[in-house]
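**Student:** Mind having a look at this structure? Questions to follow.
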Amino acid sequence: MEFDRKSLDKKEVGKRIIQIMGRKNLTYEGLGKRLVNKEGNPVPKGTVYSWKRGLALPSLDIVKQLALLGDTTVEWIYQGKSLPELPEKMRKQIGKRINGIRIVGGWTLEEFGKLVGYASNEMVISWENGVHIPDVRRIEIISLLSKRKAERSVTWLLYGDIEEPFKEYAQKIFSKFDSKLHAINEDFYMELWKMVSMNQISYENESEILKAALKIRPSLLRDLLNDKRLELTIKN
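Following this line, the structure appears as C-alpha cells:
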C-alpha cells in the first residue's frame, strides 16, 4: 500500500488519532508506550502530541500499529475513508451476512479477524451483531471471502439480494406508465433497492419510491408527467 504523504491532511490525521486515543482511553504518554518506533523504543509523548496538532505525520509502520490498536485501517487513519452512517436494521442485516460468510468459510472469530485486517474478536462480534460495520477496505475484503460475483459482492454484502416482493411491487408501479418495462433493467432495480434500504422506505410508499426512482433515472419524469394520477401521487 502506497500513500502520497504530501497530499495527506496532517490535522485530519491527528483528529483520527485522537479518536483512537479516546476509544482506548489513552493519554499521549499512554499511546506512545503502546507503539514502537524504528529504534525499537516507545514513541515519546512529544511526538504523539505533534501528530495531534497536525505538525507531523506518523510513519506507515506506526500507522499500521495504530490501526491494529484502534481496530481500524491504515486507509482510515491516513485518509478517513469510511462508510456513511447506516440505519440499525440495515446494520443488523449486514451483520447476518458477515456471520454467514464466516460460518460457511469455517473460520473462528480470531481467524476471520486476521483475514480481514487483524480485527479483534470483539470487533468481529460487533459487526455480526450489527453494532458497527467494517470500514471500506474491510468490506471489500469480506465481500471477496463471500465468493459472490466480484462486481456484485460489495453491493450484496451491504444491501443483500433484491427482495422479490419489492421487485414485483416496483414493476407494478412502473408498468403503469412505462410500456417498455424491459428497458428498466436489473441495474436500475438494484440502485432503487439501495435507496429503499438506506432510507428505510416502505414498499407501500409509492410516492417515495417514485421520488427515489427519479433521482436514479431523471428521464422517467417525462413519463410521470404524462400520467396525471402519478403526477399527483409524487407531489403528495
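Per this note's numbering, residue 7 is the first one in the sequence shown, and the count goes up by one each step.
By construction, the Cβ of each residue, glycine as well, lies at the ideal position given by its N, Cα and C atoms.
Computed from a predicted model, the values in this text were never measured in an experiment.
Starting from residue 42, follow its DSSP beta bridges and name the residues at the other end.
**Tutor:** By 1-based counting over the sequence shown, the position of residue 42 is 36. The partner list for residue 42 (beta bridge, DSSP) reads 48.
**Student:** From what residue to what residue does the alpha helix (DSSP H) around residue 84 run?
**Tutor:** For the purposes of this step, residue 84 is taken as the residue at position 78 of the sequence shown. It spans 80 to 85 - the alpha helix (DSSP H) in which residue 84 sits, taken as one unbroken run.
**Student:** Tell me, please, whether the segment 30 to 50 touches the segment 95 to 110 by the rule of three or more beta-carbon pairs shorter than 8 Å.
**Tutor:** At 8 Å Cβ cutoff, the stretches do not touch.
**Student:** With residue 222 and residue 215 assumed to form a contact (beta carbons below 8 Å), what rounded beta-carbon distance in angstroms separates them?
**Tutor:** What you label residue 222 is simply residue 216 of the sequence shown in a count that begins at 1. What you label residue 215 is simply residue 209 of the sequence shown in a count that begins at 1. That pair is no contact at about 11 Å.
**Student:** Can you say whether residue 110 is buried or exposed, counting buried as having 16 or more other CB atoms within 10 angstroms of its CB?
**Tutor:** To locate residue 110, count along the sequence shown from 1; it is residue 104. Residue 110 is exposed by the Cβ-count criterion.
**Student:** Taking only the alpha-carbon atoms, compute the straight-line gap between residue 201 and residue 65 and give it to the nearest angstrom.
**Tutor:** Numbered from 1 along the sequence shown, position 195 holds the residue referred to as residue 201. Numbered from 1 along the sequence shown, position 59 holds the residue referred to as residue 65. About 39 Å.
**Student:** With three or more C-beta pairs closer than 8 Å as the rule, is the segment 68 to 76 touching the segment 130 to 137?
**Tutor:** Segments in contact, no.
**Student:** In whole angstroms, what is the alpha-carbon distance linking residue 211 and residue 174?
**Tutor:** Taking the first residue of the sequence shown as 1, we reach residue 211 at position 205. Taking the first residue of the sequence shown as 1, we reach residue 174 at position 168. Each residue's alpha carbon lies about 14 Å from the other.
**Student:** Let me know the secondary structure DSSP gives residue 205 once reduced to three states.
**Tutor:** Indexing the sequence shown from 1 puts residue 205 at position 199. In this structure, residue 205 counts as helix in the three-state DSSP scheme.
**Student:** Under three-state DSSP, which class holds residue 93?
**Tutor:** The count along the sequence shown starts at 1 and reaches residue 93 at position 87. In the structure shown, residue 93 sits in coil (DSSP, three-state: anything other than H, G, I, E or B).
**Student:** Here's the rule: buried if 16 or more other CB atoms are within 10 angstroms of the residue's CB, otherwise exposed. What is residue 189?
**Tutor:** Looking up residue 189 in the sequence shown gives position 183. For residue 189, the predicted model reports a pLDDT of 48, less than 50, meaning its position is unreliable and no value from the coordinates is stated.
**Student:** Please report how far the alpha carbon of residue 17 lies from the alpha carbon of residue 61, in whole angstroms.
**Tutor:** Locating residue 17 in the sequence shown gives position 11, counting from the first residue. Locating residue 61 in the sequence shown gives position 55, counting from the first residue. Distance between the alpha carbons of residue 17 and residue 61: 8 Å.
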